[in-house]
Amino acid sequence: MEEIDETDEKIIEILKKDSRTAYTDISKKLGLSDVAVKKRIDKLIEKGIIKHFSITLDYAKIGKPLRAFLLLRMKPSYTEDIIEHLAKIDGVLNVLQTVGSYDFLVELVCRDMGELKRIAEEQIGNLEGINEIRTLIGV
């Protein structure tokens with residue numbers, strides 16, 4: 011486990027709120043030079059603590075207001091093929107392996123209930139190795 015100090019924790023908190031925050035803005039907030047902030051961020055990336063910088067989309071504004079979660083039970087021998095297929099489906103945000111009654115949790119966004127039904131039944135439910143799908147709607 012990598013140890014980080016309080017300054018690195020503060021930098022991480024700032025970047026979690028807005029990963030585009032300029033080094034200058036971070037340096038002003040923390041009383042450091044721009045160069046010191048850049049070096050610290052570079053070190054956090056090098057250590058693998060910061061894996062990537064990302065954006066958060068408002069999916070409703072791009073025509074996908076419905077957020078759903080699919081719980082999947084599958085035959086273990088089909089896992090790799092199914093995961094590869096899930097990753098290619100438009101609207102799938104995350105595929106997480108779970109412990110418990112279900113094997114995977116799939117997070118996805120779509121236009122409406124009709125599209126969700128088509129994805130669940132036609133693109134996922136028909137896959138060889140899928141035993142069960144349970145759908146949860148996010149609100």
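Numbers 11 to 149, taken from this note's numbering, label the letters of the sequence shown in order. In this text, a Cβ means the ideal position worked out from N, Cα and C, and glycines have one as well. As the structure is a computational prediction, the values presented were derived from the model and not from experiment.
Query raised in the report: In or out: Arg50 buried (at least 16 other Cβ within 10 Å) or exposed?
Result: Looking at its Cβ environment, which holds 16 or more other Cβ atoms inside 10 Å, Arg50 is buried.
**Report entry** Identity of the residue in Lys127, Gly139 and Lys53 nearest Ile147 by Cα
**Finding:** Proximity to Ile147 across Lys127, Gly139 and Lys53 peaks at Lys127, based on C-alpha coordinates.
Query raised in the report: Looking at the unbroken alpha helix (DSSP H) that takes in Glu94, where does it start and where does it end?
Result: Thr89 to Ala97 is the extent of the alpha helix (DSSP H) around Glu94.
Query raised in the report: In three-state terms, what does DSSP make of Leu118?
Result: Of the three classes helix, strand and coil, the one that applies to Leu118 here is strand, per DSSP.
Query raised in the report: Just the Cα atoms here: how many angstroms apart are Asp15 and Ile21?
Result: Computed Cα separation, rounded: 10 Å.
Requested in this report: Go through its chain and collect everything with a Cβ distance to Glu12's Cβ below 7 Å, but skip five positions before and after it.
Outcome: Exclusion of the five residues before and after Glu12 leaves Lys57 and Ile59 as the residues of its chain whose Cβ lies within less than 7 Å of its Cβ.
Requested in this report: With DSSP as the reference, label Met84 as helix, strand or coil.
Outcome: Strand, per DSSP.
Requested in this report: Using three-state DSSP, classify Ile65 as helix, strand or coil.
Outcome: Ile65: coil per DSSP, three-state reduction.
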